Amino acid sequence: VVCNMENLDPMGIHTGESIVVAPSQTLSNDEYHHLRAVAIKVIRHFGIVGEANIQYALDPYSKRYRIVEVNARLSRSSALASKATGYPLAYVAAKIALGHDLISLRNLVTRCTTACFEPSLDYCVVKIPRWDIDKF
């Protein structure tokens, strides 16, 4: 898991038009680890190799969740995750598509370990949409 992000806008607002924060700010540690474990199970169930993203809806009171969508591809969210973490998702996904694995790929951030690591953020990244009014 490279990055978890949270839309601050309510369900129904497209991620591209939403304020997005990385890492998530409202998940408890238990909620984060539960959704992380679910993500790994989903990816393994579908046999996804490479990059994917999963969007959840979580009820913070009952802890019930729903998977809104699973994208087994690079997306606009992937670009934000790469920028937020420094992890080169597109590069690594391309190498995996060519038959490499995470253990054989060099970590381009540390330059001394493999690409098989989870970035840890000690900062917060916020994406705020921009609408070019001149286009209207």
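Read in order, the letters of the sequence shown correspond to residues 169 to 304 in my numbering.
Each residue gets a CB set at the ideal place from its N, CA and C atoms; glycine is no exception.
Just so it is clear, the structure is predicted and the values come from calculations on it, not from any experiment.
Query                                                                                             : Result
Host beta strand (DSSP E) of Arg234 (start-end)                                                   : 233-239
Distance, Asp302 Cα to Ile222 Cα                                                                  : 34 Å
Cβ-based neighbour list, Leu242, same chain, cut-off 7 Å, excluding 5 preceding and 5 following   : Glu219, Leu257, Ala258, Ala261
Within 7 Å, strictly: CB atoms of Leu273 and Ala265                                               : no
Candidates Asp177, Val188, Gly267, Leu176, of which the one nearest Ala247 by Cα                  : Val188
CB of Ala225 within 7 Å of CB of Val210, strictly                                                 : no
Proximal residues to Thr253 (C-beta, below 7 Å), its chain only, five neighbours per side dropped : Val170, Cys171, Pro287, Leu289
Ile216 versus Leu203: straight-line alpha-carbon distance, rounded                                : 17 Å
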